[in-house]
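*Asks:* Residue numbers are given in the UniProt record's numbering: position 275 of the sequence shown equals residue 275, and the series is strictly consecutive.
Here a beta-carbon is modelled for each residue, glycine too, at the ideal position from N, C-alpha and C.
Fair warning: this is a prediction, and the values are worked out from it, not measured in the lab.
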Amino acid sequence: MRENSKTSAKVAQMFELAFDFKVDKEKREAAMNNLLVLAKEKAGADLMYKAGMAMKIHTLLKTEKNENIIIATIRILAELCKDNIERTEKILQDIGIPWFLDIINSKSEDRVNAAQYCIQVVLNSYSKMDNKPDSKPDKEYCEKYKKEIDTILSSLLFCTTNRTFTGEGRDAVIEIIMRNIHYDALNWAERLVELGGLQRLMEVASELEEYKYESAMNITSSTRTVTSVCLARIYENMYYDAAKQRFVEAIDEFIKDKLISPDIESKVRVVVAITTLLLGPLDVGNNVVAKDGILQMILVMAGTDDILQQKVACECIIAAASKKDKATSIINQGVNILKKLYQSKDDSIRVRALVGLCKLSSSGGTDVSIRPFADGASKNLLKLKFFPEMLELAKFAKHHIPEESELDDPDFVAKRVIALAKAGVTSALVSLSKTDSKNSKELIARIFNAICAQVDVRGTVVQQGGAKALIPLALDGTDKGKKTASQALARLGITINPEVAFPGQRIYEVIRPLINLLSVECSALENFESMMALCNLAGVNDLVRKRILKEGGFPKIENYMYEEHDLLRRAATQCINNLMMCEDTIKLYDGDNDRTKYLVVLCEEEDLDTCLAASGALAMLTGVCKAACCKIFDSKNWLDAMKYLLANPNQDVQHRGVVIINNIMNCSKDVATRIVQTDIMEVLMALTKSELVENQKIKKLAMQALEAAANWKLMEKCPESSPVAPAPKQVENALDKVE
1 MRENSKTSAK
11 VAQMFELAFD
21 FKVDKEKREA
31 AMNNLLVLAK
41 EKAGADLMYK
51 AGMAMKIHTL
61 LKTEKNENII
71 IATIRILAEL
81 CKDNIERTEK
91 ILQDIGIPWF
101 LDIINSKSED
111 RVNAAQYCIQ
121 VVLNSYSKMD
131 NKPDSKPDKE
141 YCEKYKKEID
151 TILSSLLFCT
161 TNRTFTGEGR
171 DAVIEIIMRN
181 IHYDALNWAE
191 RLVELGGLQR
201 LMEVASELEE
211 YKYESAMNIT
221 SSTRTVTSVC
231 LARIYENMYY
241 DAAKQRFVEA
251 IDEFIKDKLI
261 SPDIESKVRV
271 VVAITTLLLG
281 PLDVGNNVVA
291 KDGILQMILV
301 MAGTDDILQQ
311 KVACECIIAA
321 ASKKDKATSI
331 INQGVNILKK
341 LYQSKDDSIR
351 VRALVGLCKL
361 SSSGGTDVSI
371 RPFADGASKN
381 LLKLKFFPEM
391 LELAKFAKHH
401 IPEESELDDP
411 DFVAKRVIAL
421 AKAGVTSALV
431 SLSKTDSKNS
441 KELIARIFNA
451 ICAQVDVRGT
461 VVQQGGAKAL
471 IPLALDGTDK
481 GKKTASQALA
491 RLGITINPEV
501 AFPGQRIYEV
511 IRPLINLLSV
521 ECSALENFES
531 MMALCNLAGV
541 NDLVRKRILK
551 EGGFPKIENY
561 MYEEHDLLRR
571 AATQCINNLM
581 MCEDTIKLYD
591 GDNDRTKYLV
601 VLCEEEDLDT
611 CLAASGALAM
621 LTGVCKAACC
631 KIFDSKNWLD
641 AMKYLLANPN
651 QDVQHRGVVI
661 INNIMNCSKD
671 VATRIVQTDI
681 MEVLMALTKS
691 ELVENQKIKK
701 LAMQALEAAA
711 NWKLMEKCPE
721 SSPVAPAPKQ
731 VENALDKVE
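1. Measuring straight from C-alpha to C-alpha, what distance separates T426 and G465?
2. Considering Cα atoms alone, identify which of A705, E694 and P649 is closest to K669.
3. Given A39, which residues of its chain have a CB within under 7 Å of its CB, disregarding the five upstream and five downstream residues?
4. For L645, would you say it is in contact with chain B, using Cβ-to-Cβ distances shorter than 8 Å as the test?
5. Is W638 helix, strand or coil when you go by DSSP?
6. Between which two residues does the alpha helix (DSSP H) carrying K136 extend?
7. Which of helix, strand or coil does DSSP assign to T73?
8. Have a look at K82, P137 and A115 and flag the residue whose alpha-carbon is nearest the alpha-carbon of A185.
9. By DSSP, does W712 sit in helix, in strand, or in coil?
10. CB-CB under 7 Å to T166, same chain, minus the five flanking residues each way: which ones, in chain order?
11. So, at 6 Å on beta carbons, what are the nonlocal neighbours of residue 764 in its own chain, with the 5 sequence-adjacent residues on each side left out?
12. When you compare each of A172, K22, N237 and T484 to T225 by their alpha carbons, which one comes out closest?
13. Could you pull the start and end residues of the alpha helix (DSSP H) that residue 756 belongs to?
14. Is it true that the CB of V112 sits closer than 8 Å to the CB of G169?
15. Given this structure, state the Cα-to-Cα distance separating I149 from V271, to the nearest angstrom.
16. Identify every run of the alpha helix (DSSP H) within the stretch 672-709, keeping only runs that are complete inside it and at least 4 residues long; order them along the chain.
17. Please classify residue 740: does DSSP put it in a helix, a strand, or coil?
18. From the DSSP output, in three-state form, read off F19 for me.
19. Residue 746 and T678 look like a contact to me (Cβ under 8 Å); what is the Cβ gap, rounded to whole Å?
20. Here's a check: name, in chain order, each residue in its chain whose Cβ is nearer than 7 Å to the Cβ of R163, leaving out the five neighbours to either side.
21. Please say whether P513 and L489 have beta carbons closer to each other than 8 Å?
22. Would you mind sorting Q487 into buried or exposed? The rule is 16 or more other CB atoms within 10 Å of its CB.
23. Identify which residue in R458, G459, G623 and G477 has its Cα closest to the Cα of residue 746.
24. Just checking my contact of E499 with V540 at CB under 8 Å: how many whole Å lie between their CB atoms?
25. Kindly list the residues whose CB is nearer than 7 Å to the CB of T495, restricted to its own chain and excluding five residues on each side of it in sequence; keep chain order.
26. For the candidate residues P281, C118, D292 and K267, whose alpha-carbon lies nearest to that of Q310?
27. Kindly list the residues whose CB is nearer than 8 Å to the CB of C630, restricted to its own chain and excluding five residues on each side of it in sequence; keep chain order.
28. Taking the alpha carbon of I181 as the reference point, which residue from A205, I152, E203 and I661 has its own alpha carbon closest?
29. Could you tell me if C358 is buried or exposed, where buried requires 16 or more neighbouring beta carbons within 10 angstroms of its beta carbon?
30. Classify P262 as helix, strand or coil using the three-state DSSP reduction.
31. Secondary structure at I176, three-state DSSP: helix, strand or coil?
32. Under three-state DSSP, which class holds R200?
33. By how many angstroms is the C-alpha of A485 removed from the C-alpha of L470?
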């Protein structure tokens with residue numbers, strides 16, 4: 001009771017402020033926003049409804065000019081209707097459906113969004129749906145309130161062709177219809193066709209922003225796209241033949257009515273409507289284009305001198321060329337027209353004509369025996385060879401034999417890619433990458449990856465902002481697009497200093513896409529390139545190394561150390577070697593596992609780079625981790641591995657071996673004893689005396705290891721020249737024995 005009284009007092013106080021025009025503007029806005037907050041609570045919504053909030057809002061909006069207050073009142077009304085059928089029915093009776101149509105008729109995006117939400121809430125109340133994507137209506141409620149739902153949607157449908165409506169409002173109305181017609185929603189598609197809704201939507205689809213006449217509708221740049229999606233959704237719900245036939249007949253009726261008129265305007269609008277169909281229900285659009293005279297009419301319009309007709313016709317040709325048979329017809333009848341339009345002085349026409357030509361020229365796919373534009377084609381320098389048996393079989397079956405072009409040879413492709421990169425295609429791709437279309441992002445990523453495959457132009461890609469553009473492409477898009485963008489980033493990270501390729505925060509952002517490439521679903525090349533790039537990144541600083549570990553990179557990289565493929569095993573070991581400089585990596589080797597043991601095994605690898613990486617990692621590990629020094633002896637072949645390192649002809653490998661032994665000797669007396677009991681001490685003595693060892697660091701470290709043995713009282717010091725008493729004959733031949 002106390003809570004209700006408090007809420008009641010708040011509502012009354014806010015009412016006084018919000019609906020009084022004499023009150024200061026800021027106070028009224030604050031009061032209305034407070035009422036919106038209260039309306040989201042059950043008690044507050046009940047109190048407002050009983051206080052006649054709906055009628056107050058209805059009266060207020062007749063004179064209110066403040067846009068913020070108008071938006072707040074619409075949202076309040078939506079909250080009053082939400083999940084409450086009794087309040088919804090009473091509010092609709094009091095203020096009527098036309099009021100909702102009036103409030104959505106605005107140029108203000110926020111107001112249109114609020115009104116669109118409010119109308120959807122009303123429909124949800126009648127159907128027990130909500131705004132979640134997988135929400136489904138209650139069939140009993142839909143049947144009970146069928147009349148109300150039908151009235152609301154019919155009113156919205158009739159508004160689509162209202163000439164007084166704003167473009168923003170029209171888009172919102174079509175979106176509401178699109179949201180509710182599906183059979184998973186209110187299943188209103190067939191009813192829409194019965195009411196002549198298709199003809200109305202086609203009227204909207206035939207409008208042009210550039211072409212204004214007396215009875216033109218207001219539209220936005222998105223109207224035709226929204227309409228095409230709506231038409232596609234309606235056609236999707238025509239799931240039996242009779243319904244599809246009614247859909248097609250309604251479209252045909254609209255086109256016939258327009259074509260009867262002799263004026264050019266009607267024909268332009270028909271072509272625009274056909275383009276919209278081709279972007280939505282493609283089958284219906286193709287059927288229309290296939291009718292006698294339609295394609296010829298489009299080509300005639302393209303051949304006129306009127307810029308608008310040329311533009312409209314080009315767009316229709318581009319949309320129609322998706323089907324091979326339509327592309328063939330266009331090539332046969334109108335390719336010369338497109339070539340002529342490509343010479344136009346108007347850039348918008350030239351671009352459209354070029355896109356049309358590109359689409360037509362690619363209609364044959366990779367089969368070069370299908371030549372849309374035979375003129376100007378290169379001569380065949382080389383003929384592809386087929387398997388004779390398969391060739392004979394194909395001929396017997398009268399099957400078309402595709403041919404590949406010699407221009408698809410890697411050398412030709414590389415030259416084209418380099419030419420594009422030098423022409424500045426990266427800058428264009430960076431601009432295009434800001435699109436919201438995931439399919440477009442995938443295509444952009446594929447082009448980037450093809451360019452980055454050429455080592456010579458990778459620096460140009462980075463200079464022109466390619467690396468910056470690739471990171472978002474690698475994190476958002478289709479699976480193939482993300483993978484391709486990640487591979488392009490890896491290629492940049494391999495040959496260019498990571499601090500240059502990915503400056504600042506970008507060096508941390510690039511890690512996740514690279515780690516994603518370590519998936520078993522990716523190709524071996526993608527795995528290899530990713531680890532090479534991560535290896536370079538791990539060499540930058542400790543923060544980068546910690547980020548790699550945090551993103552789960554260590555177990556994925558370590559997994560490839562066990563691969564049979566030499567290059568994958570090498571890249572993984574090199575990456576682990578660089579990560580070993582991080583304290584967190586040392587902790588992973590310090591635990592109860594066989595990781596150190598496997599590094600000892602890798603030290604005997606025939607591949608020099610793998611051996612260097614494994615021994616380098618082991619040298620760093622034993623220098624800071626005493627447990628690792630003890631774990632070396634867990635390997636059965638530890639002695640052979642150490643001898644292999646110490647007697648290796650490569651002095652870099654030898655240096656790493658001496659460092660490992662020196663670390664073990666300085667670890668503890670028990671561990672050092674195990675080394676002294678072997679003939680490794682003889683090898684160390686030989687290294688200090690041998691003239692073949694040019695690296696003085698190796699001699700110095702070998703001497704330190706021997707001194708450590710003496711300090712542990714495991715060997716005796718020689719008072720004269722040598723600090724340790726060697727075994728004379730054995731020292732001379734120690735290295736030879738090991739080799």
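*Replies:* Based on what the coordinates show:
1. 8 Å
2. A705
3. A45, M48, I76, E79 and L80
4. Of the chains in the structure shown, none is chain B; there is only one protein chain.
5. helix
6. Premise fails: K136 is in no alpha helix (DSSP H) and is neither H nor E.
7. helix
8. P137
9. coil
10. N105, S106, K107 and N218
11. This structure gives no information on residue 764, because the portion of the chain shown stretches from 1 to 739.
12. A172
13. Here the chain has residues from 1 to 739 only, and residue 756 is not among them.
14. yes
15. 34 Å
16. 680-689
17. Limits of the chain in this structure are 1 at one end and 739 at the other, which puts residue 740 out of reach.
18. coil
19. Beyond the ends of the chain as shown, which are 1 and 739, falls residue 746; an answer cannot be given.
20. S215 and M217
21. yes
22. buried
23. Any property of residue 746 remains undetermined from this structure, which presents the chain solely from 1 to 739.
24. 6 Å
25. V455 and R458
26. K267
27. C667 and V671
28. I152
29. exposed
30. coil
31. helix
32. helix
33. 6 Å
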